[in-house]
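Numbering (this note's numbering), first residue to last: 6 to 1085.
Contents: one structure, followed by commentary.
Right, here's the structure in full:
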């Protein structure tokens, strides 16, 4: 068992005092002013000997915070199971059946394989060879490369978004909706839904095409479709409708079957692709299984190879010389039999380098000579001709659905063991794998198959055979059956996923007319959404042509991917505090490149379809926005800027920002000197480092007096403040306020500063360094009044102590930023160091987070929970749990409390004059600073060298602000010595010893001793671990609710004790709301 951290200093039992008190849940009213009993179970100092085991003496200074701000240990224990924070389907819909506990899948099963299955689709088997032959090897390679680059850039952006917090199931809709707002999220969600639904239609038509064209042509209802394209498409429509009904029934009755069939479909895809690769190398020298009949340079169809001759009375002569007048092209050209699969060794690759783009009706022939490809107003006979016009951009639109499906992993994020790790790795590896397959297939197809056969889309020249299937090993049925089953599986997945996506959008209630589709059946199935999906899918099937469906659904996917890239680029450029992706290999330029590619491909493919998709997205956006805001157009850009600013302010006024959009909008309360210059310029430097040029910063100085008399001085102070802001590169606004009472003026600033929703939420308040030395007994009144005003306004507050030791914005520091997390106040302590590290000054610092464990806490579990919490927050920091035993209150703590009480009583009763107050009282209170000789990290001046060992250090040179220096630390031996010595006699200004008047017997308040105990013990622990850190951030205890002079003075003393020996301290108090979240 490891030894726990000891914090009791005195080793003598006689000098220790038991801790005591009530539980932290007791009200402050019962503890205020409660004196310790004079008799009974007490020790020699009147302190109770028995302690309540429920008392948290070590953290009693934060006792009043516990009511609404839990201890860090309590907060961590509540977050032990992070998955419980994600609402389940049953919680959102009472009609839904309770889902089974999700299986925690890894990267391979949960992301990589589903992405592989969704990316490899029907286009690979029935269109890739045609794309290669039409575009040529060079442009075909570029087509595939452009499409793969688009999805790779999108995957990088998606990985950044998906790892920026916990992403429940919902894929792109959830990510975009939470990144760009409900309007964009709803628009993208509907685009993604429409694209997925049309993808189901394309898969169904593709499956029917495989069966009717290559497996069972005899099933044609409308005659020989090889001679009439309309008959073929009518067959696709009829059989596609029937197949849709069957698949819809399967989805309705058995989702489990769909999920099981997905495994079969995936196996078919992998087996089919493997068979193609093996077949290409088996046919290294080609084979004679596919032979074509070629007239001159034109490709012929519906002719058996044995009849491929110009024999008199032969089949070709009967066809081309039907009216005893032979076709001119037939007369002047010979026929030949050409081997279709020539093999890699043949060198046909070089024949397939150039493109062969055609317009509708042109013949498929070698070369581009007009006499070979033009119809010349003659009958087509049995010559194969292009059924659509082809260009580079059109082929991109047709091929692009082959690279979609990259969202499959993010859609399953709720089922992943570690989504933030699995989604980027699995998705990017899947894209790399599929891209490698596609690019290699382009080159291998171009090097294996004759150009004419590649361009024969439906295999009419080889008897209606599938080219890819006849390249495979061992035979074509491996590909035919595999491609059919994989296409069916992809269609079932689309029909399963699309209704659930529609239901998720409907449940969010951002599109009111979709409300009926949010309802689930008694079995938890989105039946209504399924019916609508089938209706839309049927509309796609009625188009009947894969070459029309593919570009159409490409538009919707490209729009969706474009929004993903836009979301990542905006988040990166805006540098929102919640933007902390665990995936680091992204950049805004890559996202903008992906967005540009998406938009370019859309308009290159079909500007009409692009405008339709964008118009649909715009209509949905405006519908969700519901009429938008009134536009007032003035003259020129100023009118536009004014209208945009007013519109933005009105939108901000609608409600508080979501936690993930929270960023500190800073109000700096800047104290002026007598000459109206800024006293602490480093406060502006700190604000600049915290903001990094983003968000709102307002700097305000309050002057005492009458505004009518000090208006000119107010203007001067404002100009000086603005000049300081310019010099410190603080982007924001400067203002001044003149008030008869400084404290009331600061309170008014806190209440009224800002416009509409553009109001500060964080206040930076300077520490009153000279409160001990001041002759004014209520010099801390302004500070405490401001603290209370900020707390009442529910704003966060930052109190930098030792501000003159903080670095300039031009400096760079390296070391540690230590966070001492005592109570959870919304995550401010976690967020601030992250924001500081965005600035070049603090960029090289590392975060360390310390939290305090009591005897009843499981420190090992706390450390695990804290590490997991930081992992979910995407924050990198070292974690340490400090164990503090329920130590006894030492004599030093008790003596120091007595000194503090003596000072209060003397100020209250003696009412000494200014000189006596400075001379006598301060000497009594601060006598423990008199003999400090220990080396300290605290710098009072840079010029004084360290004194040699064993000698007294030379007096330091005065700093610019002597009272800005933090109190020097006391080492343990000195504190023990002081605990056993009486206070030395004080000296008056003349040097004569003053004998203090005998003080009445003072018994400290129980709560006061315990608060001092917390301050002393925490200070010991913090100094021991963070004495060499660049910045210490800790919770600022709440101010006393009692406004009596003694309580307020004690509070200031507690803060001094808590921060003794620390050079740079930032005390933080949250505004009562969460400012950091694990969600995206």
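Built from N, CA and C at the ideal position, the CB exists for glycine as well.
_Just to confirm before moving on: does the CB-CB distance between residue 708 and residue 743 stay below 8 Å?_
For the purposes of this step, residue 708 is taken as residue 703 along the chain shown, with counting starting at 1. For the purposes of this step, residue 743 is taken as residue 738 along the chain shown, with counting starting at 1. Contact: yes.
**Message:** By alpha-carbon positions, which one of 208, 387, 571, 606 ends up nearest to residue 401?
**Reply:** The residue you call residue 401 lines up with position 396 of the chain shown. Considering only alpha carbons, the answer is 606.
Three-state secondary structure (DSSP) of residue 735:
Taking the first residue of the chain shown as 1, we reach residue 735 at position 730. It is coil, neither helix nor strand.
- Message: Taking the straight line between their C-alpha atoms, what separation do you get for residue 317 and residue 350?
- Response: In the chain shown, counting from the first residue as 1, residue 317 sits at position 312. In the chain shown, counting from the first residue as 1, residue 350 sits at position 345. Cα to Cα, residue 317 sits roughly 37 Å from residue 350.
* To do: Have a look at the DSSP bridge pairing and note the partners of residue 605.
  => Indexing the chain shown from 1 puts residue 605 at position 600. Looking at the DSSP assignment, residue 605 forms no beta bridge with any residue, so it has no partner.
**Request:** Report the rounded CA-to-CA distance for residue 230 versus residue 270, giving the unit in angstroms.
**Result:** Looking up residue 230 in the chain shown gives position 225. Looking up residue 270 in the chain shown gives position 265. Their Cα atoms are separated by approximately 29 Å.
Quiz item: Among 127, 171, 149, 120, which has the Cα closest to the Cα of residue 876?
Solution: Within the chain shown, residue 876 is the residue found at index 871, counting from 1. Selected option, being the one with the closest Cα: 171.
query = Any idea if residue 935 is buried or exposed, counting beta-carbon neighbours within 10 angstroms, 16 or more meaning buried?
reply = As a first step, residue 935 must be located in the chain shown, where it is residue number 930. For residue 935, the pLDDT reaches just 42, beneath the cut-off of 50, and the residue's location in the model is therefore unreliable, leaving the point undetermined.
Query raised in the report: Since residue 629 contacts residue 188 with CB under 8 Å, what's their CB separation in whole angstroms?
Result: The sequence position of residue 629 within the chain shown is 624, counting from 1. The sequence position of residue 188 within the chain shown is 183, counting from 1. With 8 Å as the limit, residue 629 and residue 188 qualify as a contact, their Cβ atoms being about 5 Å apart.
According to DSSP, is residue 996 helix, strand or coil?
Against the chain shown, residue 996 aligns to sequence position 991. Annotation note: pLDDT 41 at residue 996 (below 50); position unreliable, no value reported.
Quick one: Cα of residue 748 to Cα of residue 674, how far?
Position 743 of the chain shown, counted from the start, is the residue given in the question as residue 748. Position 669 of the chain shown, counted from the start, is the residue given in the question as residue 674. Distance between the alpha carbons of residue 748 and residue 674 is about 11 Å.
| said: Let's see if you can read the secondary structure: which residues bound the beta strand (DSSP E) around residue 340? | reply: Locating residue 340 in the chain shown gives position 335, counting from the first residue. Run containing residue 340: 340–346, per the beta strand (DSSP E) assignment.
Relative to the C-alpha of residue 488, which candidate in 331, 453, 213 has its C-alpha closest? Reading the chain shown from its first residue, position 483 is the one you call residue 488. Residue 488 has its Cα closest to that of 213, out of 331, 453, 213.
Cβ distance (whole Å) where residue 148 is taken to contact residue 140 below 8 Å: The sequence position of residue 148 within the chain shown is 143, counting from 1. The sequence position of residue 140 within the chain shown is 135, counting from 1. Contact holds; Cβ gap of about 6 Å.
For residue 358 and residue 142, which I take to be in contact (beta-carbon distance under 8 Å), what is that distance rounded to the nearest angstrom? Residue mapping note: residue 358 aligns to position 353 of the chain shown, counting from 1. Residue mapping note: residue 142 aligns to position 137 of the chain shown, counting from 1. Going by Cβ atoms, the distance from residue 358 to residue 142 rounds to 5 Å, so yes, they are a contact pair.
Check your understanding: In this structure, does DSSP put residue 1065 in helix, strand or coil?
Key -> One-based indexing of the chain shown puts residue 1065 at position 1060. Residue 1065 falls in the coil class under three-state DSSP.
Limits of the beta strand (DSSP E) - the one that residue 375 falls within:
Position 370 of the chain shown holds residue 375. Where residue 375 is concerned, there is no enclosing beta strand (DSSP E), although the alpha helix (DSSP H) it sits in stretches over 375–378.
> Is residue 612 buried or exposed, if buried means 16 or more other CB atoms sit within 10 Å of its CB?
Replying inline: Reading the chain shown from its first residue, position 607 is the one you call residue 612. Answer is exposed; the Cβ neighbour count stays below 16.
Answer yes if the region 241–259 comes into contact with the region 428–439, meaning at least three C-beta pairs across the two stretches below 8 Å, and no otherwise.
no
Next item on the list: Put residue 520 into one of helix, strand or coil per three-state DSSP.
Entry: As a working note, residue 520 is residue 515 in the chain shown. Residue 520: helix per DSSP, three-state reduction.
On the criterion of 16 or more Cβ atoms from any shown chain inside 10 Å, does residue 497 qualify as buried, or is it exposed?
The residue labelled residue 497 in the question sits at position 492 within the chain shown. When all chains shown are included, residue 497 counts as buried.
Next on the checklist: So, at 6 Å on beta carbons, what are the nonlocal neighbours of residue 76 in its own chain, with the 5 sequence-adjacent residues on each side left out?
Outcome noted: As a position in the chain shown, residue 76 is number 71, starting the count at 1. 828, listed in sequence order.
Q.
Please report the straight-line C-alpha distance between residue 713 and residue 739, rounded to a whole angstrom.
A. Counting from 1 along the chain shown, the entry for residue 713 is found at position 708. Counting from 1 along the chain shown, the entry for residue 739 is found at position 734. Each residue's alpha carbon lies about 20 Å from the other.
TODO: Mind reading off the beta-carbon distance from residue 138 to residue 456? Whole number of angstroms is fine, and I expect it under 8 Å.
DONE: Residue numbering aside, residue 138 sits at position 133 when the chain shown is read from its first letter. Residue numbering aside, residue 456 sits at position 451 when the chain shown is read from its first letter. That belief holds up - the Cβ atoms of residue 138 and residue 456 are roughly 6 Å apart, short of 8 Å.
For residue 319 versus residue 312, is the C-beta distance shorter than 8 Å? Stepping through the chain shown from its first residue, residue 319 is reached at position 314. Stepping through the chain shown from its first residue, residue 312 is reached at position 307. Against a cut-off of 8 Å, the Cβ pair of residue 312 and residue 319 comes out as a contact.
Can you tell which of 777, 304, 121, 344 has the C-alpha that lies nearest to the C-alpha of residue 288? Working through the chain shown from its first residue, we reach residue 288 at position 283. Residue 344 is the option with its Cα nearest to residue 288.
*DSSP state of residue 1059 mapped onto helix, strand, coil*: Mapped onto the chain shown, residue 1059 falls at position 1054. Residue 1059: helix per DSSP, three-state reduction.
Item to complete: Would you kindly check if the distance between the Cβ of residue 500 and the Cβ of residue 1087 is under 8 Å?
Response: Beyond the ends of the chain as shown, which are 6 and 1085, falls residue 1087; an answer cannot be given.
Item checked: Straight-line Cα distance separating residue 838 from residue 766 -> The count along the chain shown starts at 1 and reaches residue 766 at position 761. The count along the chain shown starts at 1 and reaches residue 838 at position 833. Each residue's Cα considered, the two are about 17 Å apart.
Tell me whether residue 723 is buried or exposed, calling it buried when 16 or more other Cβ atoms sit within 10 Å of its Cβ. In the chain shown, residue 723 corresponds to position 718, counting from 1. Classification for residue 723: buried.
- Would you say residue 1066 reaches chain C, if we count a Cβ-Cβ gap shorter than 8 Å as a contact? Note that chain C does not occur in the displayed structure, where there is just one protein chain.
Figure out for me which residue from 792, 731, 1040, 132 has the closest Cα to the Cα of residue 814.
Indexing the chain shown from 1 puts residue 814 at position 809. Considering only alpha carbons, the answer is 731.
Less than 8 Å between the CB atoms is what I'm expecting for residue 490 and residue 481, so what's the real figure, rounded?
As a working note, residue 490 is residue 485 in the chain shown. As a working note, residue 481 is residue 476 in the chain shown. About 15 Å; that fails the 8 Å criterion.
Contacting residues, own chain, Cβ-Cβ under 7 Å from residue 460 (five flanking each side not counted):
Taking the first residue of the chain shown as 1, we reach residue 460 at position 455. So the list reads 135, 138, 139, 361, 369, once near-sequence residues are dropped.
Using the three-state DSSP reduction, which class does residue 826 fall into: helix, strand or coil?
Within the chain shown, the letter at position 821 stands for residue 826. Of the three classes helix, strand and coil, the one that applies to residue 826 here is strand, per DSSP.
For a minimum of 4 consecutive residues, which ranges assigned as the alpha helix (DSSP H) are wholly contained in the region 166–205? 176–185
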